[in-house]
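Since the structure comes first, as structure tokens, the remarks are kept for the end.
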Amino acid sequence: MAATTTTTFLKVEKQPTKPKRRKYRETTISASAEAEAEAALPESPSTNRIRFSPGRFSLSPIMDLTHASPFANGQAQDPFPSSFSKFNSALTAGLLNPMSPPPDKTRSSPTLFEMMASEPDIQQRPTPPPSSAHKPQILDRQALAMQRISELLGSRSPGNQFNDALSSDINLTLTSKDGITVSINVHRQILVAHSRFFSVKLSDRWTQHHHRSPLPYQVEIADCDDVEVYIDTLRLMYCKDLRKKLMREDVSRVLAILKVSAAIGFDAGVLSCLEYLEAAPWAEDEEEKVASLLSELRLEAVGAGEVLKRVSTDVANGNEEGTDNEEVLLKLIRVVLEGKDEKARREMKGLVSKMLRENSSQNDLRKESLYVACDECLQLLRQHFLRAATSDLQDVVQIARQADNLHWILDILVDRQIAEDFLKTWASQADLAEAHSKVPAVHRFEVSRVTARLFVGIGKGQLLASKDVRCLLLKTWLVPFYDDFGWMRRASKGLDRHLIEDGLSNTILTLPLSWQQDILLAWFNRFLNSGEDCPNIQRGFEVWWRRAFWKRNGEQERTRQLRITTTSVENP
Numbered sequence: 011m012a013a014t015t016t017t018t019f020l021k022v023e024k025q026p027t028k029p030k031r032r033k034y035r036e037t038t039i040s041a042s043a044e045a046e047a048e049a050a051l052p053e054s055p056s057t058n059r060i061r062f063s064p065g066r067f068s069l070s071p072i073m074d075l076t077h078a079s080p081f082a083n084g085q086a087q088d089p090f091p092s093s094f095s096k097f098n099s100a101l102t103a104g105l106l107n108p109m110s111p112p113p114d115k116t117r118s119s120p121t122l123f124e125m126m127a128s129e130p131d132i133q134q135r136p137t138p139p140p141s142s143a144h145k146p147q148i149l150d151r152q153a154l155a156m157q158r159i160s161e162l163l164g165s166r167s168p169g170n171q172f173n174d175a176l177s178s179d180i181n182l183t184l185t186s187k188d189g190i191t192v193s194i195n196v197h198r199q200i201l202v203a204h205s206r207f208f209s210v211k212l213s214d215r216w217t218q219h220h221h222r223s224p225l226p227y228q229v230e231i232a233d234c235d236d237v238e239v240y241i242d243t244l245r246l247m248y249c250k251d252l253r254k255k256l257m258r259e260d261v262s263r264v265l266a267i268l269k270v271s272a273a274i275g276f277d278a279g280v281l282s283c284l285e286y287l288e289a290a291p292w293a294e295d296e297e298e299k300v301a302s303l304l305s306e307l308r309l310e311a312v313g314a315g316e317v318l319k320r321v322s323t324d325v326a327n328g329n330e331e332g333t334d335n336e337e338v339l340l341k342l343i344r345v346v347l348e349g350k351d352e353k354a355r356r357e358m359k360g361l362v363s364k365m366l367r368e369n370s371s372q373n374d375l376r377k378e379s380l381y382v383a384c385d386e387c388l389q390l391l392r393q394h395f396l397r398a399a400t401s402d403l404q405d406v407v408q409i410a411r412q413a414d415n416l417h418w419i420l421d422i423l424v425d426r427q428i429a430e431d432f433l434k435t436w437a438s439q440a441d442l443a444e445a446h447s448k449v450p451a452v453h454r455f456e457v458s459r460v461t462a463r464l465f466v467g468i469g470k471g472q473l474l475a476s477k478d479v480r481c482l483l484l485k486t487w488l489v490p491f492y493d494d495f496g497w498m499r500r501a502s503k504g505l506d507r508h509l510i511e512d513g514l515s516n517t518i519l520t521l522p523l524s525w526q527q528d529i530l531l532a533w534f535n536r537f538l539n540s541g542e543d544c545p546n547i548q549r550g551f552e553v554w555w556r557r558a559f560w561k562r563n564g565e566q567e568r569t570r571q572l573r574i575t576t577t578s579v580e581n582p
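Counting in this note's numbering, the sequence shown runs without a single skipped number right up to 582 at its last residue.
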């Protein structure tokens with residue numbers, strides 16, 4: 011019985027060619043082709059060739075890439091050998107298997123082998139190493155740097171001998187850490203006259219020893235931080251007015267030139283840079299850079315101190331900085347407290363508070379100095395408040411003003427965690443609390459904002475006072491606070507009612523349970539009769555209720571269980 015062989019054709023639906031793969035085939039150049047293209051570049055006749063390391067960089071590269079294209083010489087090249095094409099045609103036509111049926115003439119979809127034949131031979135192209143992914147970015151940065159250097163070298167003014175190949179006697183090669191290499195033509199006499207570094211390196215003995223021909227000296231400086239800045243610094247040696255030249259630069263550029271000038275002992279460049287930095291305005295992010303570099307270079311002897319006086323009083327006043335800072339800050343606080351324009355006062359209060367908060371860790375203000383200003387405000391408040399209580403309303407507006415000042419200083423004390431003494435003083439103002447009801451509410455409600463701030467401080471743990479002081483505060487000021495709460499809620503802009511209510515609740519809940527009960531039951535009765543004009547401390551009331559009734563029974567049960575457990579244990 012004869013064996014029967016069956017050949018099965020795979021039919022694959024025709025799909026459009028993937029654009030990404032087609033693009034890859036058209037733009038990819040093999041490593042060998044790139045090397046041949048680079049070798050095909052003509053050598054520049056200039057003696058000052060600009061080179062990268064290790065490859066060569068041209069400012070206007072023209073690369074002949076035709077040998078890497080499948081359409082070289084204007085003719086399409088078959089990427090597959092003819093033997094493979096014949097084999098594929100025979101296999102597709104079914105000629106390699108006489109027992110198979112003839113192919114279907116009506117089918118429009120290609121076979122798997124036809125699709126394989128139409129695909130490019132990707133395996134023939136080498137895969138670039140992973141590290142080459144970052145090479146284009148590096149080349150882009152180097153290209154931009156080289157373009158700037160080229161413009162810098164080409165901007166020589168008439169009569170300036172910098173980079174003059176005819177008159178120069180030194181060919182100086184500068185190499186940066188990132189591989190940029192630049193050769194420039196300079197003059198030994200100018201370098202030696204302006205730089206202590208070159209004066210030593212290019213001394214007469216060195217010259218006599220190394221000079222054996224009329225060709226320029228070959229000098230190389232490697233590992234430069236920035237070749238462009240180094241060239242800019244050398245150009246300054248050829249300028250008559252360095253200060254005028256630096257006026258075209260920004261602060262960051264001058265700092266870079268200053269660093270190079272100090273490194274090569276270019277004293278005229280250092281002095282010119284310091285004069286520029288002393289006179290030019292700085293951006294906020296440049297101040298730290300200036301102070302850091304000048305401290306690093308240690309140029310106090312040549313004028314760096316004058317530059318640093320802008321950002322540090324220590325340079326001018328020595329060890330008296332702390333005392334001077336305190337006097338300045340106290341003066342600022344008093345000016346704000348005594349200011350007459352209310353809008354400006356509010357703005358300056360916010361500014362001074364922000365500056366003090368950012369510098370709160372420094373010993374710039376002693377506690378005693380702040381309490382002196384606080385006591386002055388408190389005495390003025392007492393004076394005007396007690397006078398208004400006797401129906402003398404001549405300076406009644408000073409009550410709200412001094413209460414607002416006191417509230418501001420209290421914020422500063424709380425931020426610096428030194429407000430406990432003020433809490434004791436305010437809790438003992440019984441005469442003010444007694445006179446409270448005799449002053450019109452429109453003038454007195456600002457005083458209760460001070461009490462509210464103390465409630466918030468205690469409730470948030472910012473003030474740690476004794477139990478007696480907390481109880482005295484509530485005993486003295488809680489009823490006046492209730493009376494003014496409606497006015498505070500309606501008249502005070504930006505008042506956080508819920509913050510104050512939470513602070514009051516937490517303050518009450520820090521007291522012993524029996525005192526909590528007295529205060530919260532009185533509030534319960536007042537709230538039912540006042541509504542919105544009374545602070546809502548329902549949360550504190552609920553906490554007290556659970557403490558007083560729910561947990562008490564649980565504690566008794568746990569006590570009995572513990573007693574039973576104790577009596578059931580016997581020694582063996």
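Where is the CB? At the ideal position from N, CA and C, for every residue including glycine.
Owing to the predicted nature of the structure, the values given are computational and were not obtained by experimental measurement.
Asked                                                                                                                                                                 : Found
Near L281, what residues of its chain come up, given a Cβ to Cβ distance below 8 Å and the 5 sequence neighbours on each side ignored?                                : V312, G313
Based on DSSP bridge pairs, tell me the residues matched to L182.                                                                                                     : I194, V229
Can you tell me where the alpha helix (DSSP H) with S205 in it begins and where it stops?                                                                             : Neither: S205 is in no alpha helix (DSSP H) and is coded neither H nor E.
According to DSSP, is C384 helix, strand or coil?                                                                                                                     : helix
For the alpha helix (DSSP H) containing L538, list its first residue and its last residue.                                                                            : 523–540
Can you tell me which of the three DSSP states C481 falls into?                                                                                                       : helix
Does DSSP put C234 in a helix, in a strand, or in coil?                                                                                                               : strand
Within the continuous alpha helix (DSSP H) that includes S302, where are the two ends?                                                                                : 294–307
What's the gap between the Cα of W418 and the Cα of G504?                                                                                                             : 15 Å
Helix or strand or just coil, what does DSSP make of L212?                                                                                                            : coil
Report the three-state DSSP secondary structure of N546 (helix, strand or coil).                                                                                      : coil
Write down the C-beta distance between A437 and L483 rounded to the nearest angstrom, noting that I regard them as a contact closer than 8 Å.                         : 4 Å
In angstroms with no decimal places, state the Cα-to-Cα distance between A501 and I529.                                                                               : 27 Å
Determine, using beta carbons only, whether I159 and I267 come nearer to each other than 9 Å.                                                                         : no
Work out the CA separation of F172 and E238 for me, nearest whole Å.                                                                                                  : 14 Å
Starting from R258, trace the alpha helix (DSSP H) in both directions and tell me its first and last residue.                                                         : Element bounds for R258: n/a, residue is neither H nor E.
Taking the alpha helix (DSSP H) that C249 belongs to, which residues open and close that run?                                                                         : C249 -> no alpha helix (DSSP H), and no H or E assigned at all.
Just tell me which of P291, D235, A232, P450 has its CA closest to the CA of E259.                                                                                    : P291
Step through the CB atoms of chain D and report whether any lies within less than 9 Å of the CB of L416.                                                              : Reference to chain D is not applicable here, since this structure consists of a single protein chain.
Within the continuous alpha helix (DSSP H) that includes R355, where are the two ends?                                                                                : 352–368
Hey, could you find the ends of the alpha helix (DSSP H) S458 is sitting in?                                                                                          : 451–469
Output needed for P490: all residues of its chain with C-beta closer than 7 Å, excluding positions within five of it in sequence on either side, in chain order.      : A443, H446, S458
Out of L464, L396, A413, P450, state which residue places its alpha-carbon closest to the alpha-carbon of A429.                                                       : L464
Say whether the stretch 243–263 touches the stretch 227–235, bearing in mind that this needs 3 or more beta-carbon pairs closer than 8 Å, one atom from each stretch. : no
What does the Cβ neighbour count give for L523, buried or exposed, with the cut at 16 atoms within 10 Å?                                                              : exposed
If we count the other Cβ atoms within 10 Å of its Cβ and call it buried at 16 or more, is R206 buried or exposed?                                                     : exposed
Need the endpoints of the alpha helix (DSSP H) that S515 sits in, please.                                                                                             : 507–519
Taking 6 Å as the limit between beta carbons, can you name the residues of its chain near W555, skipping five residues before and five after?                         : none
Please classify Q439: is it buried, with 16 or more other beta-carbons within 10 angstroms of its beta-carbon, or exposed?                                            : buried
Work out the CA separation of G315 and S302 for me, nearest whole Å.                                                                                                  : 13 Å
Whole angstroms are fine: how far does the CA of V210 sit from the CA of A289?                                                                                        : 33 Å
Express the C-alpha separation of G189 and S63 in angstroms, rounding to a whole number.                                                                              : Residue placement at S63 is flagged as unreliable, the pLDDT there being 32, under the threshold of 50; a coordinate-derived value is accordingly withheld.
Are D431 and Y381 close, meaning C-beta to C-beta below 9 Å?                                                                                                          : yes
Of the residues Y248, P450, I518, M156, which one's Cα is nearest the Cα of V196?                                                                                     : Y248
Is the CB-CB distance between G513 and V466 below 9 Å?                                                                                                                : yes
Taking the straight line between their C-alpha atoms, what separation do you get for L433 and C481?                                                                   : 11 Å
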